[in-house]
Amino acid sequence: MTASSKTRASARLYRGTALNIRRLSAALRRGELVAVPTETVYGLAADALNPKACRAIFTAKGRPTADPLIVHIHDWAQLGQLAQPNEAAAQLAEAFWPGPLTMVLPKTDQVDDIVTSGLPSVAVRMPGHTLFRKLLLDCGLPLAAPSANPFGYVSPTTAEHVRISLGKRIGHILDGGPCRIGLESTIVDLRDPAAPRILRPGAITRGQIADVLGVEVLVGRPKGRSSEHLPQVAPGLLKRHYSPRTPVDLHERIHENEWRGSPADEAWLFITRPAGRLPRNIFWLDARGDLRAAARHLFGTLRQLDGAGFRRIHAELAPGHDLADAINDRLRRAASKG
Ligand code: AMP
Ligand code: MG
Numbered sequence: 130m131t132a133s134s135k136t137r138a139s140a141r142l143y144r145g146t147a148l149n150i151r152r153l154s155a156a157l158r159r160g161e162l163v164a165v166p167t168e169t170v171y172g173l174a175a176d177a178l179n180p181k182a183c184r185a186i187f188t189a190k191g192r193p194t195a196d197p198l199i200v201h202i203h204d205w206a207q208l209g210q211l212a213q214p215n216e217a218a219a220q221l222a223e224a225f226w227p228g229p230l231t232m233v234l235p236k237t238d239q240v241d242d243i244v245t246s247g248l249p250s251v252a253v254r255m256p257g258h259t260l261f262r263k264l265l266l267d268c269g270l271p272l273a274a275p276s277a278n279p280f281g282y283v284s285p286t287t288a289e290h291v292r293i294s295l296g297k298r299i300g301h302i303l304d305g306g307p308c309r310i311g312l313e314s315t316i317v318d319l320r321d322p323a324a325p326r327i328l329r330p331g332a333i334t335r336g337q338i339a340d341v342l343g344v345e346v347l348v349g350r351p352k353g354r355s356s357e358h359l360p361q362v363a364p365g366l367l368k369r370h371y372s373p374r375t376p377v378d379l380h381e382r383i384h385e386n387e388w389r390g391s392p393a394d395e396a397w398l399f400i401t402r403p404a405g406r407l408p409r410n411i412f413w414l415d416a417r418g419d420l421r422a423a424a425r426h427l428f429g430t431l432r433q434l435d436g437a438g439f440r441r442i443h444a445e446l447a448p449g450h451d452l453a454d455a456i457n458d459r460l461r462r463a464a465s466k467g
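Just so we're aligned: 326 in the numbering used here is position 197 of the sequence shown, and the numbers increase by one with no gaps anywhere.
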């Protein structure tokens, strides 16, 4: 045995040519894993109807099998194979698909327990990223895909992020450039269409969903009820998630006297650039504080700061609601100790 055959070769990066799309759909049909670009974050995709392929996702990520996968589809007609859609799902699909919205619906018996962690429901999304859509169309399969990162770490928003953390564990990465949104999809539970519930905030807001459905939209897990229909472990439920290794401290507002003159081994992360001459331990997500740009840059910046050797990262929460809620949700998880 040669030395090189003992160590697993690194993943190959593919540009989105027509030939590469055909190659990657062949790999997916063989039950292999392919990291894919989406408008939210990069996903680690496998044939959702192949339990062995889906199991390999959990192994590659080190993800507990109690954390169910999101299944991605190319068109509405595929939904019926996986889930039992209702009128609310049809209305939200009309408004937001393809796009960053995942719907939880009762599942069909074609979906294996490995995908749903044994739940009677399945989470489904029709993504908007052009290359991922081409791949979904070409392979003709629904694709199960969680974020393409080791379990619990910051989600990847470039192909390079995927290569760095999973490059030795998977064979293929489709490079679609940096993700346009940069935060994971909004997840809405539609099992009871009269009481839709947001399980994870994202770029599609509670208000947008309420406008389409014309009913109040709840947020978070039902209180005081042990809910056998919800996963044991989920981003909405698991506090420590999307976490850098460096400890993160959150601040409602950071005042200038706090960061001026602070030790150089502590980083200060703002949404907007503070005014004036800045020391080298000051960072921001968008110079003008545009929240969409801030969301897009959040995970990449957390990774960058995590790799820079700071002892601590102080982060200021985003002002306002909607996209700010989604950004702050990720910041809180990054800061969570438990
Ligand atoms: P990820 O793909 O890593 O962003 O995570 C997928 C998340 O989708 C899970 O952690 C759950 O929060 C959620 N999810 C997937 N399937 C279900 C389901 N059947 N019911 C509720 N939430 C789900
Ligand atoms: Mg994830």
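Every residue gets a Cβ at the ideal spot worked out from N, C-alpha and C, and that includes glycine.
When DSSP assignments are scanned along the stretch 251-276, no uninterrupted stretch of beta strand (DSSP E) that is 3 or more residues long falls wholly within it.
Residues with their Cβ less than 6 Å from any non-hydrogen atom of the ligand MG, running along the chain, are 275, 276 and 284.
Burial is judged here by how many other beta carbons sit within 10 angstroms of a residue's own beta carbon; residue 271 has at least 16 and is buried. Counting of Cβ neighbours within 10 angstroms places residue 236 among the buried residues, the total reaching 16 or more. Residue side-chain check: residue 252 places its Cβ nearer than 7 Å to a non-hydrogen atom of the ligand AMP.
In the three-state reduction of the DSSP assignment, residue 290 falls in the helix class. Relative to residue 279, the option among 150, 442 and 373 whose CA is nearest is 373. Annotation for residue 160: 175, 176, 179, 181, 182 and 185 place their beta carbon closer than 8 Å to its own, counting only its chain and skipping 5 residues before and after. Proximity of the beta carbon of residue 318 to the ligand AMP is indicated: a heavy atom of the ligand is located closer than 7 Å. Ranking 405, 261 and 411 by CA distance to the CA of residue 391 puts 411 first. Secondary structure within the stretch 214-258: the alpha helix (DSSP H) runs of 4 or more consecutive residues, fully enclosed, are 216-225 and 242-245 (chain order). Annotation note: the stretch 365-409 contains the following uninterrupted beta strand (DSSP E) runs of length 3 or greater, listed N- to C-terminal: 377-380 and 395-401. Distances from the CA of residue 301 to each of 342, 142, 422 and 461 were compared; the closest alpha carbon is that of 142.
Cβ contact annotation for residue 348 (same chain, cutoff 8 Å, sequence separation greater than five): 326, 327, 330 and 335, in chain order. Remark: the shortest separation between the CB of residue 245 and any heavy atom of the ligand AMP falls under 7 Å.
Within the same chain, no residue comes within 6 Å of residue 337 by CB-CB distance, once the 5 residues on both sides are set aside.
For residue 348, the shortest C-beta to heavy atom distance toward the ligand AMP is 7 Å or greater.
Taking all protein chains in view, the Cβ of residue 164 is crowded by 16 or more other Cβ atoms within 10 Å, so the residue is classified as buried. Only exposed fits residue 386, as fewer than 16 other CB atoms lie within 10 angstroms of its CB.
In the DSSP annotation of this structure, residue 418 is not part of any beta strand (DSSP E), being labelled neither H nor E. Judged by DSSP secondary structure, residue 321 falls outside any alpha helix (DSSP H); it is assigned neither H nor E. The beta-carbon distance between residue 253 and residue 287, rounded to whole angstroms, is 25 Å. This is too long to meet the 8 Å contact definition. Judged by DSSP in its simplified three-state form, residue 147 adopts helix.
Under the DSSP definition of a beta bridge, residue 172 partners with 165 and 276.
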